[in-house]
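One structure is given here, and the rest of the page talks about it.
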Amino acid sequence: MSSNTLPNTKNVHIIGAGIVGLCCALHLQRDGWQVTLIDKVGPGESCSFGHAGVLSETSALPNAMPGVMVKVPKWLLDPEGPLYIRFRYLPQLLPWLLRFLKAGTASESENTVRSLLALNAGTVEKYQTLVNGSQVRSLIRPSGYLNVYQNESSFNHASRGWELLRRHGAQLRMLSGEELHELEPTLSPSYIRAVLIENQGYTTNPFRLAQVLSEQFSQTGGIILRREVREVRLSAEGNVRLNLDLGYVESKKLVVAAGAWSHRFTAQLGVSIPLETERGYHVTIAHPEVLPSHVIMEAERKFVATPMEIGLRFAGTAELAGLEAPPNYKRAEILLRLGKRMFPGISGTEKTEWMGHRPSLPDSRPVIGKCPDAPNILFAFGHGHRGLIGAPMTGEIITDLIANRPPKIDITPFSPERF
Ligand SMILES: Cc1cc2nc3c(=O)[nH]c(=O)nc-3n(C[C@H](O)[C@H](O)[C@H](O)COP(=O)(O)OP(=O)(O)OC[C@H]3O[C@@H](n4cnc5c(N)ncnc54)[C@H](O)[C@@H]3O)c2cc1C
């Protein structure tokens, strides 16, 4: 391939066929656009491959919150803690960490909660509409979302966050140990408190979800190019020129949905965005002896247990070590150890492990909006811990922006110019 200039004025190219790019692609397609998805790997093979599958609208608390910072030293010192920083990466990480600290004020947390609740709204129903026909039931499951605690002081410490969500309309049920174990009898008796958020959901298989969405996209005329995008430039005529590993393409419109790699393209366009990656891990036990009936967040160790069609998945941890360092599968081993303690009935001999790059902004809000000096280029990335949840609304917003319609929700909190 050398050149591929599309004459169609209603054509859009999207860099990134993760869950965010796929949702943008499907919405744009339904709005009459000819869409080409470009990805260096197959659809859903990157971060969207191995997440925990949680679809909880109420998942809106920022990582940096008043009260969280005091826990950070303890987390870092605990070898089984949820946070790990690679010492050698620290100098590069420092500017992002400083912004993260700055985002931890009460007023910033309020802003983030408000904006994420709007972005997450109706996510389960949105997937039920996006996924065609017979696949929906097996892929998207309604479920309560349980957050479980082993000690009273952690439960009390978390109450500030729960109160914040309540103030913004979240419906929460505080459970005693007894009530919790009635719901989840296979959970270790060491759990003594829980918060139940009813009427949430999860996907039973993140990768199959991405595959089903990409098949739907292709079957309705969408094009998927397996290419690496090396450079994004604006041509003299104002079109977008993408230099690929082989040849180039030109397009009228471009969406950058390249997950944790997106800042490389924004930098080429003169826009500096403090995107980092919080690397996360999973371990999936193929044939667990027991399966919980809810999606469960271990609220102190910050990992999720999800009953998937492929087994029981334990997913979590935030490892700040950049895009290049190889995976450290000790993190997955820790998840397995903690998961077995959470469900003592599990032996977990047949298992798979994985690491993925969460695309994270310091204020826990994604970047969704037009490129400041090039309104035919749009940004849709940085969803951090909630890319699955926020992807459908992101697709709707991007489609509205491209069609010059006002988006359904206020997108000021997601502006690329907020940094
Ligand atoms: C352990 C873990 C658990 C999680 N659990 C949940 C959860 O329960 N619920 C939830 O909502 N979220 C969860 N997340 C977060 C979620 O997985 C991410 O936010 C989401 O997958 C990001 O999707 P994306 O499309 O932005 O990025 P990706 O899926 O990473 O897609 C970006 C794509 O861009 C492509 N790309 C990058 N650079 C180039 C280039 N130069 N040329 C071509 N292609 C390129 C990549 O190959 C990739 O396929 C979890 C994450 C982790 C790690």
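Residues in the sequence shown are numbered from -17 upward in steps of one, following the numbering used here.
Each residue gets a CB set at the ideal place from its N, CA and C atoms; glycine is no exception.
Bear in mind the structure is a predicted one, so any value in this text is a computation, not a measurement.
Listed in chain order, the non-local C-beta contacts of HIS269 below 7 Å within the same chain comprise GLY293 and GLU332, local neighbours out to five positions each way being set aside. For ARG223, the CB stays at least 7 Å from every heavy atom of ligand 1. For ARG142, same chain residues with a beta-carbon under 6 Å away, outside a window of 5 residues either side, are GLY49 in chain order. The Cβ atoms of LEU360 and VAL237 lie closer than 8 Å to each other.
Ligand 1 never approaches ALA307 closely enough for any of its heavy atoms to be under 7 Å from the residue's Cβ. Ligand 1 has a heavy atom closer than 7 Å to the beta-carbon of GLU27. In the pairwise beta carbon analysis, the segment 148 to 165 is classified as not touching the segment 56 to 69: fewer than three pairs are separated by under 8 Å.
Counted as a single uninterrupted DSSP element, the stretch harbouring ASN221 is not any alpha helix (DSSP H), since DSSP gives it neither H nor E. A distance below 8 Å separates the beta carbons of GLY298 and GLY262. Of all alpha-carbon atoms in GLU92, GLY183 and GLU39, the one lying nearest the alpha-carbon of VAL118 is that of GLY183. Set against 7 Å, the gap from the CB of LEU236 to the closest heavy atom of ligand 1 is not smaller. Of the residues assessed, MET51 falls on the exposed side of the cut-off, its CB having fewer than 16 other CB atoms within 10 angstroms. Under the three-state reduction of DSSP output, PRO357 falls in the strand class.
Every beta strand (DSSP E) stretch that sits fully inside the segment 314 to 392 and reaches 3 residues is listed by chain position as 333 to 342, 349 to 353 and 356 to 363.
Within the DSSP secondary-structure output, ILE(-4) pairs in a beta bridge with LEU19 and VAL237. If you draw a straight line from the Cα of ALA100 to the Cα of ARG212, it comes to about 34 Å. Around the beta carbon of LYS56, fewer than 16 other beta carbons sit within 10 angstroms, so the residue counts as exposed. DSSP places PRO73 within a helical segment (H, G or I) once states are collapsed to three. The segment 186 to 206 makes no contact with the segment 130 to 144: fewer than 3 CB pairs, one atom from each, lie closer than 8 Å. DSSP, reduced to helix, strand and coil, places SER196 within a helical segment of the structure shown. Annotation for VAL106: the continuous alpha helix (DSSP H) segment containing it runs 105 to 112. The Cβ-Cβ distance between THR288 and VAL2 does not fall below 8 Å. In the displayed model, GLY126 falls within a strand according to three-state DSSP. Contact between ALA42 and ALA85 fails: their C-beta atoms lie close to 14 Å from each other, not under 8 Å. DSSP links HIS264 through a beta bridge to ALA297 and TRP336.
Cβ-Cβ separation between ALA192 and TYR131: approximately 33 Å, too far for a contact (criterion under 8 Å). The residue from LEU128, LEU169, ALA(-1) and HIS(-5) with its alpha-carbon nearest to that of ARG323 is LEU169. Excluding the 5 residues flanking it on each side, GLY204 has same chain C-beta neighbours closer than 7 Å at ALA7, GLN11, VAL17 and LEU19, in chain order. Under DSSP, TYR131 forms a beta bridge with ARG175.
Taking 8 Å as the cut-off, the beta carbon of ALA218 is found no closer than this to the beta carbon of GLY0.
Residue pairing of PRO289 in beta bridges, as defined by DSSP: LEU294. Distance from the CA of LEU83 to the CA of LEU76, rounded to the nearest whole angstrom, comes to 11 Å. Listed in chain order, the non-local C-beta contacts of LEU251 below 7 Å within the same chain comprise VAL214, CYS353, ALA356 and ILE359, local neighbours out to five positions each way being set aside.
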